[in-house]
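Here is the structure we will look at, set down as structure tokens.
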Amino acid sequence: MKNLLLIMFLFSLMACNSEQEKKINKPNILFILADDLGYSDLSCMGSEYYETPNIDKIAKAGMVFTDGYAGCQVCSPSRATILTGQFTARHGITDWIGSPSGEEWRANKRYSKLLPAEYNHQLPDKVLTLPEAFRQEGYKTFFAGKWHLGELGSYPEDHGFDINKGGWERGSPRRRYFSPYRNPTLEDGEPGENLSMRLANETINFMKENKNKPFLAYLSFYAVHSRIQCVKDKWAKYRDKAEKMGIAEKGFEEGDLLPMRLHQDNPIYAGLIETMDDAVGEVLKALKENGLDENTIVVFTSDNGGVTSGDDFSSNCLPLKGGKGYQWEGGIRIPYIVNVPWMNFKGQRNNTPVAGSDFYPTLLDLAGLPLHPEAHIDGESFAAVLKGETLNERPLYWHYPHYGNQGGRPVSIMRKGDWKLIHYWEDGHNELYNLTQDIHEDNNLIAMEKSRGKQMAQTLISWLDEVGANYAKPDPLHNEEVEQEFIKNNMASWMSKIEKIRSDAYAEDWEPDPTWWGSIQTKD
245 MKNLLLIMFL FSLMACNSEQ EKKINKPNIL FILADDLGYS DLSCMGSEYY
295 ETPNIDKIAK AGMVFTDGYA GCQVCSPSRA TILTGQFTAR HGITDWIGSP
345 SGEEWRANKR YSKLLPAEYN HQLPDKVLTL PEAFRQEGYK TFFAGKWHLG
395 ELGSYPEDHG FDINKGGWER GSPRRRYFSP YRNPTLEDGE PGENLSMRLA
445 NETINFMKEN KNKPFLAYLS FYAVHSRIQC VKDKWAKYRD KAEKMGIAEK
495 GFEEGDLLPM RLHQDNPIYA GLIETMDDAV GEVLKALKEN GLDENTIVVF
545 TSDNGGVTSG DDFSSNCLPL KGGKGYQWEG GIRIPYIVNV PWMNFKGQRN
595 NTPVAGSDFY PTLLDLAGLP LHPEAHIDGE SFAAVLKGET LNERPLYWHY
645 PHYGNQGGRP VSIMRKGDWK LIHYWEDGHN ELYNLTQDIH EDNNLIAMEK
695 SRGKQMAQTL ISWLDEVGAN YAKPDPLHNE EVEQEFIKNN MASWMSKIEK
745 IRSDAYAEDW EPDPTWWGSI QTKD
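Structure, rendered in structure tokens:
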């Protein structure tokens, strides 16, 4: 009897210790954010041209949200939404930081109908950010890569990250994708060192040094933002692949304001994507080698849609319409992948609409940490969805009172359920789409669904007013004739040269900037 009591006591003690270990053994977070990577720019998201075997592994092990959204169609607002759990109209960063607003917009000589709204130029200090919330719970926090959320004084280390490698005010690599980087927060590597791989190695070193304590590692690639670059062997690989698949005679068509790429056939962009994927592979391998893979939540996503128009005219986001900067799905719907290793949903695809604002509460929820609804006020945890449950239908909001470099116009957007409403601020008209039936947004149903459209528009405007949104204002100097002439000439100018740029990249003797070739991809 005494032996039985002793055994029962030991089992009880072991159970208690096991439960205590669970509480101590908080899960790590690896958050991987690509820049300008489109919805279908991954092989696991349907691309037959780009190859991303390592990111595909995250998708095969985790859950893919097919209706996952960025916070905005351009970068800074979307990045702020991830870190604050707030929609753009609320946190006030509504355009990429550095974009002209108000009367400064006239320097573009567009003479548009509206002067773009003023916006916040740094991440708000008063908001408890995602890394700050984790750091309060004993997490070591690390940031590597693109920040673009404020100048000195509003860098990653000012908003909850203990370590910052490469984050500052610029939104693209100063020296492109090879060292020397000329980045004040990232020491130069050997000449030709690849930036994506360097950021991966910095992340790996951080994880190794902190493997015995909980950590949040936020790997924010500069890739695949323009100016796009890759190494010679990858360019050659994808040039040959494009030829085997068949290079279309026509590569572009006229869009609303700029030409738009028709196909995924850019060998430079494909090589840049694969290099980023290689870097992701190194980080995933390090997780496993250091015994961290079974206790680390991995997220992979992008800050906005792919660049179909403007910048380097890099990609095509089919089956979605448009791309970065635009109000259509190609501008805001993005890869949205979550792997929680102790949950069994390998390779599942879920069509619950989720947004960048939802990562903050979801990651806290999954880690068993307190939520901060007063901070991530627009975010909702989708941990229940990962467990096989459902979320109640709710509205998602976007507010972009600006003109985009890629051709976007001042708009506000609302999605609820299958329905998406776009409000155009230039003339006040609305468009309404059923995304389940019309993912390419070809059929505007506003005339057929008058009641629904009116109700959604009222809800959208009321919400914007409620959160104190900034609005674009009419420009008293607007000249319709001058603006249309500018658009016409700009379109013609681009169409006359963009096809040649495309065809030149397929030439066997093509020579880009000489700093590309001979670059090294890794650095221990």
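Position in the sequence shown counted from 1, then plus 244, gives you the working numbering.
Every residue gets a Cβ at the ideal spot worked out from N, C-alpha and C, and that includes glycine.
Asked, Found
"CA-to-CA distance, G549 to P344, given in whole angstroms", "21 Å"
"First through last residue of the alpha helix (DSSP H) which encompasses Y604", "F603 to L610"
"D311 vs S546 beta-carbon contact at 9 Å", "no"
"For G410 and K370, the rounded distance between their alpha carbons", "24 Å"
"Counted within 10 angstroms of its Cβ, other Cβ atoms place G591 as buried (16 or more) or exposed", "exposed"
"Residue environment, H673, which counts as buried when at least 16 other CB atoms sit within 10 Å", "exposed"
"Backbone secondary structure at E263 - three-state DSSP", "Summary for E263: the model assigns pLDDT 36, below 50, so the residue's position carries little reliability, and this model does not support an answer."
"Supposed close pair G600, Y313 - CB separation, criterion 8 Å", "7 Å"
"C-beta contact flag for Y462 and L277 at 9 Å", "yes"
"Residues bridged to I541 [DSSP beta-bridge criterion]", "I273"
"Unbroken stretches of the alpha helix (DSSP H), 4 residues or longer, contained in the stretch 557-635", "573-576, 603-610 and 627-630"
"Supposed contact pair L281 and V468 - C-beta distance, whole angstroms, cut 8 Å", "6 Å"
"CB of G652 within 9 Å of CB of H643, strictly", "no"
"Buried versus exposed, by CB contacts within 10 Å (16 or more), E755", "exposed"
"Residue environment, A751, which counts as buried when at least 16 other CB atoms sit within 10 Å", "exposed"
"Rounded separation between F544 and E725 - CA only", "45 Å"
"Under the three-state DSSP convention, the category E693 falls into", "coil"
"For N674, the first and last residue of its enclosing beta strand (DSSP E)", "N674 to N678"
"Contact between the stretch 487-497 and the stretch 512-521 (3+ Cβ pairs under 8 Å)", "no"
"Alpha helix (DSSP H) segment containing H335, residue limits", "T332 to H335"
"Sufficient close CB pairs (3 or more, under 8 Å) joining the stretch 466-485 to the stretch 392-403", "no"
"Endpoints, the alpha helix (DSSP H) within which A388 is located", "A388 -> not in any alpha helix (DSSP H); beta strand (DSSP E) instead, spanning K384 to G389."
"Distance between K301 and E743 (C-alpha atoms, nearest Å)", "35 Å"
"Cross-strand partners of S464 (DSSP beta bridge)", "L277 and G389"
"Integer-rounded CB distance, given that L358 should sit under 8 Å from D709", "At roughly 18 Å, the Cβ-Cβ gap does not stay under 8 Å, so D709 and L358 are not in contact."
"G312 in three-state terms, based on DSSP", "strand"
"Beta-carbon proximity list for D753, same chain, < 7 Å, skipping 5 on both sides", "none"
"Rounded straight-line distance, which links the Cα of G567 to that of V655", "15 Å"
"Cβ-based neighbour list, L374, same chain, cut-off 6 Å, excluding 5 preceding and 5 following", "L327 and Y604"
"Same chain, Cβ closer than 8 Å to A351, neighbours up to 5 away in sequence not counted", "P344"
"Residues that DSSP places opposite L430 in a beta bridge", "N427"
"Spatially closest choice to L367 from K353, Y355, E347 and G329, by CA coordinates", "G329"
"Close Cβ partners of T296 (< 6 Å) along its chain, the five nearest in sequence each way excluded", "L286, S287 and D521"
"Straight-line Cα distance separating N298 from M441", "14 Å"
"Same chain, Cβ closer than 6 Å to L613, five either side skipped, listed in chain order", "E381"
"According to DSSP, residues forming a beta bridge with Y355", "Y355 is not bridged to any residue."
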